[in-house]
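The sequence shown begins at 135 in the working numbering and counts up by one. Take a look at the structure set out below.
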Amino acid sequence: MRNALYKKSRLAQFCILVIVVAVFSGVSLDSFSQDSVSQDSVSQDSVSQDSTSQKRVYGESRVVEVSVDRSVLLHGDGTWEYIAKPFVVTMEEDKKILLRPDGTWKPITTLKDLQAGEAIQIINTKHDQKTMSANHATVFLDEVYVQEFMKKLPGLKNNRLSSLTHWKVSITASSLAISPMNLGDIETAQVRMFDNDNKSYDVVKITPSHAQLNPGETGQLHIVADGAPGSLFGPKTVFLAFKSTIEHFPSPLKLEKSVRDLKRIRDE
135 MRNALYKKSR
145 LAQFCILVIV
155 VAVFSGVSLD
165 SFSQDSVSQD
175 SVSQDSVSQD
185 STSQKRVYGE
195 SRVVEVSVDR
205 SVLLHGDGTW
215 EYIAKPFVVT
225 MEEDKKILLR
235 PDGTWKPITT
245 LKDLQAGEAI
255 QIINTKHDQK
265 TMSANHATVF
275 LDEVYVQEFM
285 KKLPGLKNNR
295 LSSLTHWKVS
305 ITASSLAISP
315 MNLGDIETAQ
325 VRMFDNDNKS
335 YDVVKITPSH
345 AQLNPGETGQ
355 LHIVADGAPG
365 SLFGPKTVFL
375 AFKSTIEHFP
385 SPLKLEKSVR
395 DLKRIRDE
């Protein structure tokens with residue numbers, strides 16, 4: 135009798151143990167499944183964040199000069215591309231043609247064949263490359279001096295002291311120029327002398343050293359204006375301005391000289 139009860143008790147304990155193990159096994163499996171799902175979602179979020187970080191936004195598209203002869207367009211999505219520019223090629227017979235990015239070309243004889251302010255690349259048969267945005271000459275102020283002399287005026291017994299201001303300006307034509315620079319075509323109306331008190335002095339004469347300057351050549355303009363600022367009292371600075379209508383000249387161009395540094399020459 136005792137053996138039967140003992141066997142039933144052991145059987146009940148075994149059944150309870152099986153039930154407990156089964157219950158705990160189910161809970162751990164469920165929790166493991168949930169942890170796996172959670173880890174998968176975290177992994178997916180990481181991939182999503184990585185893909186988002188790889189595609190950054192840098193702002194609006196803009197042009198950036200990266201060298202003297204190439205430009206690139208930077209896009210806001212992190213990509214870029216080269217910007218094609220028209221360029222001029224000098225042929226062996228010294229003729230120039232304009233090559234466009236669209237595959238067309240045309241002969242070039244003067245600057246008027248190009249659009250104003252157009253940036254172009256110049257390529258010659260020696261394969262050196264340069265970029266220019268304008269065909270401007272290089273201008274230097276060599277000397278400014280005042281010439282003083284006695285001048286007899288009509289109706290007056292005594293002579294009156296008069297003066298002229300002389301400007302000597304060196305000009306070097308651009309080596310990239312397509313046509314010669316005509317110094318002889320510069321007119322007095324295209325040049326103005328004035329001081330810091332805004333008093334004007336009429337330009338009465340312009341004498342060029344050369345009628346024309348070929349690309350790379352240097353010449354000089356001798357410009358004479360009627361009158362001069364006083365040496366003791368009056369303005370402190372004088373200016374010489376060139377109008378933008380002068381071909382090949384940088385615009386605007388204004389040269390200046392301190393009045394106290396002006397050399398004065400008295401004619402006997």
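All residues carry an ideal CB built from backbone N, CA and C; glycine is no exception. Note that the structure is a prediction, hence the values are computed from the model and not measured.
- Secondary structure note for residue 384: it is in no beta strand (DSSP E), with a DSSP letter that is neither H nor E.
- The C-beta separation of residue 324 from residue 401 comes to about 28 Å, leaving the pair out of contact by the 8 Å criterion.
- For residue 318, same chain residues with a beta-carbon under 6 Å away, outside a window of 5 residues either side, are 342 and 345 in chain order.
- Using a Cβ distance threshold of 7 Å, residue 360 and residue 336 count as a contacting pair.
- Residue 395 carries a helical assignment under DSSP once its states are collapsed to helix, strand and coil.
- Across the structure, residue 381 and residue 397 are spaced so that their CA atoms are roughly 31 Å apart.
- Close CB contacts of residue 370 within its chain, under the 7 Å cut and outside five residues either way in sequence, are with 330, 392 and 393 (chain order).
- For the options 285, 355 and 386, the alpha carbon positioned closest to that of residue 293 is the one of 285.
- Cβ neighbours of residue 316 within its own chain (closer than 6 Å, five residues either side excluded): 346.
- Distance from residue 273 to residue 300 at the Cβ level is roughly 17 Å; contact not present, criterion being Cβ atoms closer than 8 Å.
- In the three-state scheme derived from DSSP, where H, G and I count as helix and E and B as strand, residue 322 is classed as helix.
- Cβ neighbours of residue 348 within its own chain (closer than 6 Å, five residues either side excluded): 314.
- In this structure, the CA atom of residue 389 is about 7 Å from the CA atom of residue 275.
- Residue 288 and residue 295 have their C-alpha atoms some 14 Å from each other.
- Residue 340 places its beta carbon 7 Å or farther from that of residue 312.
- Counting only residues of its own chain and dropping the five nearest sequence neighbours on each side, residue 363 has a CB closer than 7 Å to the CB of 329, 369, 372 and 393.
- Residue pairing from DSSP places residue 300 in a beta bridge opposite 279 and 358.
- In this structure, residue 376 sits away from residue 366, with a CB-CB distance that is not shorter than 7 Å.
- For residue 366, there is no enclosing beta strand (DSSP E), as DSSP marks it with neither H nor E.
- Around the beta carbon of residue 374, a 10 Å sphere encloses 16 or more other beta carbons of the protein chains shown; the residue is thus reported as buried.
- In the three-state reduction of the DSSP assignment, residue 310 falls in the coil class.
- Counting along the chain, the unbroken beta strand (DSSP E) around residue 374 starts and ends at 371-376.
- Beta-bridge annotation (DSSP): residue 334 is paired with 328.
- Comparing C-alpha distances from residue 355 to each of 321, 334 and 238 shows the shortest one belongs to 321.
- Using a 10 angstroms sphere on the CB of residue 378, the tally of other CB atoms stays under 16, which defines it as exposed.
- According to the DSSP secondary-structure assignment, residue 347 is paired through a beta bridge with 315.
- Residues of the same chain with a CB within less than 8 Å of the CB of residue 384, apart from the 5 flanking positions on each side, are 268, 270, 271 and 273 in chain order.
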